[in-house]
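The sequence shown begins at 10 in the working numbering and counts up by one. Heads up: the structure comes next, in C-alpha cells.
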Amino acid sequence: MKKKIIINCNDCFAAYKFRLDLIKKLREKYQVYVIAGFDEHTQFLKRENVDVIAVDIDNTGTRLTQEIKLLLGYRKIFRTIRPDIIINYTIKPHLYATLVAPRKAKIINVVTGVSSALTQNTLMSRFVILFYRLISKKVDHYVFLNADDYNYFTKLKILKKSHSIIKGEGVNLENFYPYVDFSRPLTFIFIGRLVKEKGVIEYLEAAELIKRRFPGTRFLIAGAFYRKNSTVDRELVRRYEKKGIVKYLGYCHDINEILRGVHCVVLPSYREGLPISLVEALASKKIIIAADTVGSKDVVIDGYNGFLTTLGSSYDLAVKIEKYIFAQNKEELHNNALDTARQYDVAITIKEMQKIIEGV
C-alpha cells in the first residue's frame with residue numbers, strides 16, 4: 010500500500026504553477042493529496058487528476074473565527090486521510106497544519122520566503138515567531154530556498170531539527186522557448202503581484218525616466234492586483250498607461266506567450282525566496298534586472314546574466330536598464346542567461362525533495 014503525502018499550499022495557483030511537476034513525480038510512489046485555497050487554478054489541477062481538497066484560507070486575514078475554522082478544517086482532513094507525510098508551504102500551513110498534524114505524520118515545512126509577518130517589529134510578528142517556536146519540535150525537516158532565510162530562522166531560534174537549502178522550486182526547461190528577437194524594440198516587463206514590496210512603484214518611475222531618453226523602448230506589466238493593504242493603486246498604473254509609459258497586460262496564464270516578445274524581465278522586489286519569474290526569464294533566454302536583496306541576488310549574476318540594482322532606488326534601476334540598452338554584448342548576456350537556467354531545472358529540485366522525503 011502506498012504511503013500518503015499531503016502537499017499543503019495557500020492556493021491552487023501555487024500548487025499548479027510551482028509544484029505540479031513534483032506532485033506528478035511523487036504520485037509514482039505515493040498517494041498524493043493537495044490541500045489548497047480554491048481559485049481558478051483548481052480546475053487545472055483536477056484536469057491533471059490531482060486529488061484536491063479545497064480549504065477556505067485567507068493569506069493575509071487575521072479574523073479569529075476564520076483562523077479557527079481553518080485550524081479545525083486541517084484537523085478534520087488529517088483525521089480523514091491519515092497522512093504519513095505532510096509538506097507545508099508558507100506561514101499559515103506551517104503554523105496551523107503543523108499544530109494539528111497527527112503525531113505519526115512526518116512534517117516537512119518549506120520556507121518559500123520570509124514575509125513581513127516575521128520581519129516587522131509588531132505585536133503580530135512577535136506572536137508569529139512565538140508560534141513558530143512552539144511548533145518547531147513537531148517539524149522533522151525545514152527546507153529553505155536561500156541561505157539568508159535559513160540564517161534568519163536560525164537567528165530567531167526557530168530551528169530544532171534538520172534542514173536543507175535548495176535552489177528554488179525549479180522550472181521545467183522543456184516548457185520554455187529560448188529565443189530573443191533583436192529586430193524588435195527593446196522591451197522590458199515586470200511579472201508579479203502588484204504590491205509595493207514587489208518594487209512596482211520603482212519600476213514605473215524607472216520606466217518614465219527611460220522613456221524620456223529612449224521613447225522607442227517598451228515597458229510592460231503582467232500580474233494581478235492583490236487583496237492586501239500594500240497593493241498598488243490601480244489608478245496609478247492607469248495614469249502611467251495614459252501617458253504611454255507602460256502597458257498593463259493583466260494576469261497572464263501563458264508565461265511563454267508574454268516572454269517571447271521581451272528582452273528583459275525586471276523585478277525590483279524587496280525580498281524573495283527564490284523568484285520563479287526570474288528563473289522563467291532565464292529559461293526563456295531573457296536577461297534579468299533585480300534588486301540586490303534576499304533571493305533575487307542568488308539568481309542574478311551581476312554583469313553576466315543581468316544586473317543588480319540598489320534596493321528601493323528607481324534612479325539606479327533606470328541606470329541598470331540603460332546599461333543593458335547600451336550593452337555591446339547583448340547576445341552574450343542572453344546566452345549566459347540560458348546557461349544559468351540549467352542549474353534551476355525542476356528535475357534537480359525533485360531529486361532533492363525526494364531525498365528529503367525519504368530521509369524523514
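Note that the Cβ used here is the ideal one computed from N, Cα and C, for glycine as well.
Worksheet item: Apart from the five residues just before and just after Arg241, which ones in its own chain have a Cβ nearer than 8 angstroms to its Cβ?
Response: Residue identity differs from the one stated: residue 241 is Val in this sequence, not Arg. If we look at Val241 and ignore the five residues flanking it on each side, its Cβ neighbours are Leu203, Val204, Lys205, Val209, Ile210 and Phe234.
Worksheet item: Fully enclosed by the stretch 128–208, which beta strand (DSSP E) runs are 3 residues long or longer?
Response: DSSP runs (the beta strand (DSSP E)) wholly in the stretch 128–208: 150–153, 171–174 and 196–200.
Worksheet item: What separation, rounded to the nearest whole angstrom, lies between the Cα atoms of Glu266 and Ser124?
Response: Distance between the alpha carbons of Glu266 and Ser124: 30 angstroms.
Fill in: Closest Cα partner of Glu76 within the set Lys101, Asn58, Leu54 and Ala63
Residue Lys101 is the option with its Cα nearest to Glu76.
Worksheet item: Got a sec, what are the start and stop residues for the alpha helix (DSSP H) Thr240 sits in?
Response: DSSP places Thr240 outside any alpha helix (DSSP H), giving it a letter other than H or E.
Worksheet item: Per DSSP, what kind of secondary structure is Val64 in: helix, strand or coil?
Response: Val64 falls in the strand class under three-state DSSP.
Worksheet item: Does the beta-carbon of Leu79 have 16 or more other beta-carbons within 10 angstroms, so that it is buried, or is it exposed?
Response: With 16 or more Cβ atoms within 10 Å of its Cβ, Leu79 is classed as buried.
Fill in: Thr318 - DSSP class collapsed to helix/strand/coil
Note: Thr318 maps to strand in three-state DSSP.
Discussion item. As a quick exercise: from Arg221, Arg56, Thr128 and Asn314, pick the residue whose alpha carbon is nearest that of Thr349.
Written reply: The residue with the shortest Cα to Cα distance from Thr349 is Asn314.
Item to complete: Could you work out which residue in Thr71, Ala327, Gly232 and His103 is closest to Ala45 when comparing CA atoms only?
Response: Of the residues Thr71, Ala327, Gly232 and His103, the one whose Cα lies closest to the Cα of Ala45 is His103.
Discussion item. I want to know whether the stretch 34–50 touches the stretch 194–201 - three or more CB-CB distances under 8 angstroms.
Written reply: Verdict: no, contact absent.
Worksheet item: When you compare only the Cα positions, how much space is there between Leu54 and Leu29?
Response: Rounded to whole angstroms, Leu54 to Leu29 spans 8 angstroms at the Cα level.
Fill in: Opposing strand residues paired with Gln40 [DSSP bridges]
Beta-bridge pairing links Gln40 to Lys13.
Worksheet item: Expressed to the nearest angstrom, what Euclidean distance is found between the alpha-carbon atoms of Lys169 and Ile297?
Response: Their backbone Cα atoms lie some 36 angstroms apart in a straight line.
Fill in: Cβ shell of Asp307 (< 7 angstroms), same chain only, five flanking positions each side left out
Spatial neighbours of Asp307 in its own chain (CB-CB distance under 7 angstroms, excluding positions within 5 residues in sequence) are listed in chain order as Asn155 and Leu283.
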